[in-house]
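Residue numbers (my numbering), protein chains in the order written: chain A, 15 to 174; chain B, -17 to 479. First up is the structure itself, then whatever we jot down about it.
If you want it as structure tokens, here you go:
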């Protein structure tokens, strides 16, 4: 298990958010379409559509740097050291992302069955009867429930 | 008015409405009782299902789920010492002590009937005060609405975490996400980065499912250890004993209900705060304060009455001002808007029949909570022992299906998962999530009123201090900031001393 300082993680995350927010605030006119003025027919540009977003993005940037600073102080003081289970972190993130990427091709039923059938054994839970019953119940029953109860067709198998 | 009452009674007695309320209470109680799942998560996951129901059934279902979830959280608080929701956190100390002393049935009985009484008082507050406040709120202009939303955000940032800076930062992230989509005044597209699906912005339900559902699932699966959860067997409580105890502590019941309803009605804060305030006051006014933390019956009654009294009262700011009292009501507001009902001062006068039906539905769900609760108390231990890896894998599937069903777009599922990762990171860094969701909901209200106010006043901010109510509300917000800064300075001094 890796030993990491949570202050460093907080500071890094906030710095990324802060830089992104300030960059967006500086280039806001490129990201806002429409009139240059508050209302069509007026010449008042102070409350143009880009003014409020720029103000909020500036606020996010400032607060992000402030929070990053508090994280750096934690890092400097050496507090908040905790363990990071990197294989578990990558496993959980990878499963969620892979499931999303496969959803369009394999459909809801197969991906749901794969996740419910795969995640609990990977975490050490080995009651196969319970796993099978849950996988079948959720994966197979959810589809008709959404189809006929809510008129929603969940993603279907389209690989072939 | 009598016609509206008659119409409401007729509507509420429809079998499908009663079935929706029963389903809401059952699902809410089960979700609340499952460790790691909360009423908020349940509301977020099941809200899309209500878009396909008629308004009365859909909204009644969600309200019933909210009530069931709030009570359900007490089951885990008492049986395994882990609150199902933040609203039940204060119940743990004495409820769990009572369970360890072999009085789990009595503790759960007090929690159940305390919840029912609190719920009834909260609903009465809603029925009595909502029309009066709605009339008063018609005097609110853009400046007042802007000021009340700023005050709500400051309050929620202050109460939801240890640090005001982190709370305000989380709120600013919510305001930032709310910018994506269409300018509310001019209608121009902004921050869509050429992605057409972002033109309509990000919905509150995918955001809430991502932050409260998916991030919780990922966090729980990451932290999972193969320790078996042990919960005591619960014997059905003796109802005469429960009511005798509640009568003995009638003063605690009364003061906790007033605290719960009062705090619940404040825009921005809700049951997460009121349960602690009620617990603190019950301890201070008790004849046996030394018993608190070691199995005091009042220590279970006070927080449960308070947090359930807030359920009905929290709907006052949501329905009348369009400003949610807490996260759950912000999800409820999203569902109301999806049903074509825009919360605001005229909502009640324009939809009188429906509102009387909802009021009636609140009282019916209170009765159903009492009946379902009696059964739930008996089977609570069985819910709690459901294996976590199975439970969270299944919840992940419901998060995906629920989000997809809103617009039948995989894009929304992608947004929900991305927000889930953000929420997971925020949890790990102790950045509060509640201010982010509330700010996201309040963002368009703040922007619209702020910009309209400036357009009307010729770009002058002086209107904020020239109008007494707006000035008073902003003064409250400023006082909260000063209070938080003072607290931070004092804390720093204690640490260095």
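Note that beta-carbon positions come from the ideal geometry of N, C-alpha and C, so glycine has one too.
Assigned exposure category for residue i - 16 Cβ within 10 Å defines buried
i, result
"residue 231/B", "buried"
"residue 96/A", "exposed"
"residue 370/B", "buried"
"residue 92/A", "exposed"
"residue 121/B", "exposed"
"residue 45/A", "buried"
"residue 82/B", "exposed"
"residue 419/B", "buried"
"residue 438/B", "exposed"
"residue 450/B", "exposed"
"residue 304/B", "buried"
"residue 40/A", "exposed"
"residue 177/B", "exposed"
"residue -6/B", "buried"
"residue 88/A", "buried"
"residue 215/B", "exposed"
"residue 272/B", "exposed"
Rounded distance between the beta-carbons of residue j and residue i, thought under 8 Å
i, j, result
"residue 118/A", "residue 169/A", "6 Å"
"residue 374/B", "residue 15/B", "15 Å between Cβ atoms; not a contact."
"residue 55/B", "residue 21/B", "7 Å"
"residue 45/B", "residue 343/B", "6 Å"
"residue 327/B", "residue 119/B", "4 Å"
"residue 192/B", "residue 399/B", "7 Å"
"residue 2/B", "residue 35/B", "7 Å"
"residue 274/B", "residue 76/B", "7 Å"
"residue 153/A", "residue 123/A", "5 Å"
"residue 131/B", "residue 428/B", "5 Å"
"residue 284/B", "residue 32/B", "Actually they are not in contact, since the Cβ atoms of residue 284/B and residue 32/B sit about 33 Å apart, beyond 8 Å."
"residue 355/B", "residue 80/B", "Actually they are not in contact, since the Cβ atoms of residue 355/B and residue 80/B sit about 17 Å apart, beyond 8 Å."
Distance between residue j and residue i (C-alpha atoms, nearest Å)
i, j, result
"residue 189/B", "residue 127/B", "24 Å"
"residue 76/A", "residue 153/B", "13 Å"
"residue 42/B", "residue 26/A", "44 Å"
"residue 83/A", "residue 30/A", "13 Å"
"residue 321/B", "residue 113/B", "22 Å"
"residue 324/B", "residue 13/B", "28 Å"
"residue 346/B", "residue 106/A", "42 Å"
"residue 292/B", "residue 139/B", "19 Å"
"residue 59/B", "residue 155/A", "32 Å"
"residue 145/B", "residue 470/B", "8 Å"
"residue 87/B", "residue 129/B", "47 Å"
"residue 309/B", "residue 416/B", "6 Å"
"residue 98/B", "residue 351/B", "7 Å"
"residue 241/B", "residue 93/B", "17 Å"
"residue 50/B", "residue 11/B", "4 Å"
"residue 248/B", "residue 141/B", "13 Å"
"residue 461/B", "residue 474/B", "20 Å"
"residue 378/B", "residue 133/A", "11 Å"
"residue 110/A", "residue 180/B", "22 Å"
"residue 280/B", "residue 423/B", "36 Å"
"residue 331/B", "residue 311/B", "20 Å"
"residue 339/B", "residue 20/A", "50 Å"
"residue 174/A", "residue 121/A", "12 Å"
"residue 156/B", "residue 32/A", "14 Å"
"residue 123/B", "residue 434/B", "10 Å"
"residue 209/B", "residue 139/A", "11 Å"
"residue 452/B", "residue 446/B", "6 Å"
"residue 464/B", "residue 149/B", "15 Å"
"residue 100/B", "residue 168/B", "45 Å"
Name the residues in the segment 279 to 301 of chain B whose C-beta lies less than 7 Å from a C-beta of chain A; which are they? Listed in sequence order: no entries.
Mind checking the segment 15 to 31 of chain A against chain B and listing, in chain order, the residues whose C-beta falls within less than 7 Å of any C-beta there? Per Cβ criterion, the list reads 20, 23, 24, 27.
For the segment 192 to 202 of chain B and the segment 402 to 413 of chain B, state whether three or more C-beta atom pairs, one from each stretch, are separated by less than 8 Å. Taking a cut-off of 8 Å on C-beta distances, the segment 192 to 202 of chain B touches the segment 402 to 413 of chain B, as three or more cross pairs fall below it.
Please determine if the segment 172 to 187 of chain B and the segment 204 to 218 of chain B are in contact, where contact requires at least 3 C-beta pairs separated by less than 8 Å. Result no; under three Cβ-Cβ pairs closer than 8 Å.
Cβ-based contacts, 9 Å cut-off: residues of the segment 114 to 138 of chain A near chain B: Of all residues in the segment 114 to 138 of chain A, 114, 117, 118, 122, 125, 126, 129, 130, 131, 132, 133, 134, 135, 136, 137, 138 have a Cβ within less than 9 Å of some Cβ in chain B.
Three CB pairs or more closer than 8 Å across the segment 233 to 240 of chain B and the segment 257 to 277 of chain B: Yes, the segment 233 to 240 of chain B touches the segment 257 to 277 of chain B.
With three or more C-beta pairs closer than 8 Å as the rule, is the segment 374 to 385 of chain B touching the segment 394 to 402 of chain B? Taking 8 Å as the limit for Cβ pairs, the verdict is that the segment 374 to 385 of chain B does touch the segment 394 to 402 of chain B.
What are the residues of the segment 201 to 212 of chain B that lie near chain A, defined by any Cβ-Cβ distance shorter than 7 Å? Correct list: 203, 204, 206, 208.
Taking Cβ-Cβ distances below 8 Å as the criterion, which residues of the segment 87 to 110 of chain A are in contact with chain B? Per Cβ criterion, the list reads 99, 102, 103, 106, 107, 110.
Please determine if the segment 101 to 116 of chain B and the segment 288 to 303 of chain B are in contact, where contact requires at least 3 C-beta pairs separated by less than 8 Å. Contact holds between the segment 101 to 116 of chain B and the segment 288 to 303 of chain B, because three or more Cβ pairs, one in each stretch, are under 8 Å apart.
What residues from the segment 138 to 160 of chain B come within 7 Å of chain A, judged by C-beta to C-beta, listed N to C? Considering only beta carbons, the part of the segment 138 to 160 of chain B lying closer than 7 Å to chain A consists of 147, 148, 150, 151, 154, 155, 157, 158, in chain order.
Using 8 Å as the Cβ pair cut-off and three pairs as the minimum, do the segment 157 to 177 of chain B and the segment 66 to 80 of chain A touch? The segment 157 to 177 of chain B and the segment 66 to 80 of chain A touch, with no fewer than 3 CB-CB distances between them shorter than 8 Å.
Against chain A, which members of the segment 339 to 365 of chain B pass a CB distance test of less than 8 Å? Nothing from the segment 339 to 365 of chain B brings a Cβ to less than 8 Å from some Cβ of chain A.
Near-chain B residues of the segment 153 to 173 of chain A - C-beta to any C-beta below 8 Å: Those residues of the segment 153 to 173 of chain A placed with their C-beta closer than 8 Å to a C-beta in chain B are 153, 156, 160, 163, 164, 165, 166, 167, 168, 169, ordered along the chain.
What are the residues of the segment 161 to 176 of chain B that lie near chain A, defined by any Cβ-Cβ distance shorter than 9 Å? Result list: 161, 165, 167, 168, 169, 170, 171, 172, 173, 174, 175.
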